[in-house]
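Enquirer:
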Amino acid sequence: MKKRIKIVDALRGEQVGQPVTVMGWVRSFRNNQFIALNDGSCFGSLQIVVDIDKLGLETAKRLTAGAAISVDGLLIASQGKGQTVEVTAQQLEILGDCPADEYPLQLKNRPSLEYLREIAHLRFRTNTFGAIFRVRHALSFAIHQFYNQRGFVCMHSPIITGSDAEGAGEMFRVTTLPLDKLPKTADGKVDFKQDFFEKSTHLTVSGQLEAELAALALGQVYTFGPTFRAENSNTSRHLAEFWMIEPEVAFADLTDNMNLAEDMLKYVIEYALTHCREDLDFLNQRFAEEDKSKPVAERAEMGLLEKLQFCLKEPFQRLTYTEAIEILKNSTPNKKGKFKYPIKAWGADLQSEHERYLVEKHFKKPVILTDYPMEIKAFYMRQNNDGKTVAAMDILFPGIGEIIGGSQREERLEKLKQRMLDMHIPIEEMQWFLDTRRFGSCPHAGFGLGFERLILFITGMTNIRDVIPFPRFPGSATF
RNA sequence: GCCUCUUUAGCUCAGUUGGUUAGAGCGCCGGACUGUUAAUCCGUAGGUCCUUGGUUCGAGCCCAAGAAGAGGCGCCA
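For the record, in the first sequence the residue sitting at position 164 is 186 according to our numbering, with numbers rising by one throughout.
Structure, rendered in structure tokens:
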């Protein structure tokens, strides 16, 4: 293959006056003269100027939207308005035709996100999804960079787990047993001794427990991997397969945990703002247009970029569950009976409507809620001295709700065992986990960040199925 | 899983109280065009009105069931 320069580099204009080869996909062909060429290396397209007589009508007709071409030419300062550089074509080769009468993406059409979801294999080629997936990459990279700079070890926790006590919901079974004739034991149950791992196994719902094991030796670790939930969740915020970041830190308490989470979120937002400017500008514009079509009462108070910058300069609002209940109890919607689930007493689990009120109406900024009632939280969270709350924290973001859930972990063996007994967690199968508390236990804390929810927030998209290349959800594993 | 809404041309959508031959913009196809910027201009074609059943002289429109999609809720990240 001929050596090409990427369009992102060509647009920088440093090579003006030099012969170049560029390759990409035609976005549009105007006036028998101008090709807008995009190669995915950046949001923008490069203008190619062709001489129709030299090119020939037969070739010109094949310059349809989506066609892959290679162009040799001279990179020059643009002779027209609207762009700084362009390429005058000397040689043009069509690498792959794209029949316009069959190709579903035409530049001037406005396909809906729902329609693009049905052709997810092609939606990468649109402005919107190009921008989203470049931002997704940048955020992924920024997360690794953030933890690397702080001396964390990236830990690849297992995807197949033999533990069914991770405590985070319904799991997908992993098996090689023949489903049409399952081997049975004497008492009629499935005989997993004959399965691949000689035991019952599932896809992981969390890497946290494994991360704890590593953190109690390496000090600071994080996982960044796929996570699976077999829940029948039909919302714009849930996926059956999603990516989660789970840091775990030894010698850290709940405050350290909150500081780490807030620092990380701000770091990656800042990273996106400085490294994805062009893509975010487009998404910002898209967000504004979407907003305009909504009824006035539902419109966002801030634009996308404004919202991201606001998050950087304001400290997140930190308050306890107990304080939040007081605010909610005395809130106008609660008094006027506007909540579907009215706040009556301490101990109730907060619903989406309550979280949204706190974040979007009361504080108007990201909120960290801490010290939840023990009864509504997981077994591994550290019990507070009051005997009724645990050192948990949830970070709530506008529009998407819970983006981070975490806690200081219960490091005291007896308290942890008692809690597991109370909650019917099979202690015998969890000895490997309890060993951390037997041998050199120490205070430690961690949290889980839903990667796609972070991308939702930063891109201003509203459906989680639009920020992962090939979404998996109940009834759908196409592509 | 529950509630609400939607489904009309390739895409995005109008379609009046149930009444003749179902419309628009864009795209596609054909033509024109050497400084365009979602290029523009001219012309043509294109429909299982989601499916099935029902009411009616007559259904895109009313009723029932089903399918697909979206939004909200629950579960959570």
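Note that beta-carbon positions come from the ideal geometry of N, C-alpha and C, so glycine has one too.
Remember, it's a predicted structure, so these values are computed and weren't measured experimentally.
#1: Please state if the CB of V243 and the CB of V290 are separated by a distance shorter than 8 Å.
#2: Using only the alpha-carbon positions, how far apart do E270 and I165 sit?
#3: For T81, write down the residues that DSSP places opposite it in a beta bridge.
#4: CA-CA distance, R172 and K360?
#5: In the DSSP assignment, the beta strand (DSSP E) including E345 goes from what residue to what residue?
#6: For S162, does the three-state DSSP call read helix, strand or coil?
#7: I'd like to check one pair, L372 with I422: are the Cβ atoms closer than 8 Å?
#8: Any idea which residues DSSP pairs P248 with across the strands?
#9: Alpha carbon to alpha carbon, how far is Q484 from L326?
#10: Tell me which residues share the same chain as N356 and place their Cβ nearer than 8 Å to its Cβ, disregarding the 5 neighbours each side in the sequence.
#11: Does the stretch 125-137 come into contact with the stretch 461-474, if we say contact requires no fewer than three beta-carbon pairs (one atom in each stretch) closer than 8 Å?
#12: Let me check one thing: in DSSP terms, what residues is K206 bridge-paired to?
#13: Would you mind listing the alpha helix (DSSP H) stretches within the stretch 406-446 that are 4+ residues and don't spill past its ends, in chain order?
#14: Under the assumption that N60 contacts F304 (Cβ atoms under 8 Å), give the Cβ distance between them as a whole number of angstroms.
#15: State the Cα-Cα distance for the pair A370 and R139, rounded to the nearest angstrom.
#16: My guess is that V48 and A111 are in contact by the Cβ rule of under 8 Å, so how many angstroms apart are they, rounded?
#17: Report the rounded CA-to-CA distance for L261 versus T481, giving the unit in angstroms.
#18: Buried or exposed for E311, going by 16 or more other Cβ atoms inside 10 Å?
#19: Suppose contacts are defined by Cβ-Cβ distances below 8 Å. Is G229 in contact with E268 by that definition?
#20: Tell me which residue opens and which closes the alpha helix (DSSP H) that F51 is part of.
#21: Just mark P420 as buried or exposed, buried being the case when its beta carbon has 16 or more other beta carbons within 10 Å.
#22: Determine which residues share a DSSP beta bridge with M403 and list them.
#23: Spatial neighbours of F194 within its chain, please: C-beta separation below 7 Å, excluding the five flanking residues on both sides.
#24: Quick one: complete alpha helix (DSSP H) runs, 4+ long, within the stretch 309-348?
#25: Does the structure place the stretch 270-280 close enough to the stretch 426-436 that three or more beta carbon pairs sit under 8 Å?
#26: Is P493 buried or exposed, if buried means 16 or more other CB atoms sit within 10 Å of its CB?
Expert: So, from the listed chains and residues:
#1: Looking up residue 290 in the first sequence gives position 268. Looking up residue 243 in the first sequence gives position 221. No; because the gap between Cβ atoms is not below 8 Å, this pair is not in contact.
#2: If you number the first sequence from 1, residue 270 lands on position 248. If you number the first sequence from 1, residue 165 lands on position 143. In a straight line, the C-alpha of E270 is about 14 Å away from that of I165.
#3: The residue given as residue 81 occupies position 59 in the first sequence. T81 pairs with nothing; no bridge assigned.
#4: Position 150 of the first sequence, counted from the start, is the residue given in the question as residue 172. Position 338 of the first sequence, counted from the start, is the residue given in the question as residue 360. Taking the straight line from one Cα to the other gives about 45 Å.
#5: Locating residue 345 in the first sequence gives position 323, counting from the first residue. Element bounds for E345: not the beta strand (DSSP E) but the alpha helix (DSSP H), Y343 to K351.
#6: Reading the first sequence from its first residue, position 140 is the one you call residue 162. The answer is helix: DSSP assigns S162 an H, G or I state.
#7: Here residue 422 is taken as the residue at index 400 of the first sequence, counted from 1. Here residue 372 is taken as the residue at index 350 of the first sequence, counted from 1. No, they are not a contact pair.
#8: Counting from 1 along the first sequence, the entry for residue 248 is found at position 226. BP columns for P248 point to W265.
#9: As a position in the first sequence, residue 484 is number 462, starting the count at 1. As a position in the first sequence, residue 326 is number 304, starting the count at 1. Note that residue 484 is Thr in the sequence shown, not Gln. Whole-angstrom Cα-Cα distance: 12 Å.
#10: For the purposes of this step, residue 356 is identified with residue 334 of the first sequence, where counting begins at 1. Excluding five sequence positions before and after N356, the CB atoms of its chain that fall closer than 8 Å to its own CB belong to L350, P364 and I365, given in chain order.
#11: No contact exists between the stretch 125-137 and the stretch 461-474.
#12: Position 184 of the first sequence, counting from 1, holds the residue named residue 206. Note: K206 is bridge-paired with V212 in the DSSP secondary-structure output.
#13: Positions of the alpha helix (DSSP H) runs, each at least 4 residues long and wholly inside the stretch 406-446, are given as 435-444 in order along the chain.
#14: Locating residue 60 in the first sequence gives position 38, counting from the first residue. Locating residue 304 in the first sequence gives position 282, counting from the first residue. Actually they do not touch by this definition, with Cβ atoms about 13 Å apart.
#15: Residue 370 sits at position 348 when you count from the first residue of the first sequence. Residue 139 sits at position 117 when you count from the first residue of the first sequence. Going from the Cα of A370 to the Cα of R139 covers about 37 Å.
#16: Taking the first residue of the first sequence as position 1, residue 48 is located at position 26. Taking the first residue of the first sequence as position 1, residue 111 is located at position 89. Rounded to whole angstroms, the Cβ separation of V48 and A111 is 12 Å, and the two are not in contact under 8 Å.
#17: Reading the first sequence from its first residue, position 239 is the one you call residue 261. Reading the first sequence from its first residue, position 459 is the one you call residue 481. Looking at the two C-alpha atoms, the distance is approximately 18 Å.
#18: Taking the first residue of the first sequence as 1, we reach residue 311 at position 289. Exposed, by the Cβ-count rule.
#19: Residue numbering aside, residue 229 sits at position 207 when the first sequence is read from its first letter. Residue numbering aside, residue 268 sits at position 246 when the first sequence is read from its first letter. E268 is positioned such that its CB atom lies closer than 8 Å to that of G229.
#20: Within the first sequence, the letter at position 29 stands for residue 51. Premise fails: F51 lies in the beta strand (DSSP E), P41 to R52, not in any alpha helix (DSSP H).
#21: Numbered from its first residue, the first sequence carries residue 420 at position 398. Classification of P420: buried, given that the 10 Å Cβ count is 16 or more.
#22: What you label residue 403 is simply residue 381 of the first sequence in a count that begins at 1. The partner list for M403 (beta bridge, DSSP) reads R431.
#23: Residue numbering aside, residue 194 sits at position 172 when the first sequence is read from its first letter. Excluding positions up to five away in sequence, the list reads H224, L225, F250 and A252.
#24: Runs found: 326-335.
#25: Segments in contact, yes.
#26: In the first sequence, counting from the first residue as 1, residue 493 sits at position 471. Classification for P493: buried.
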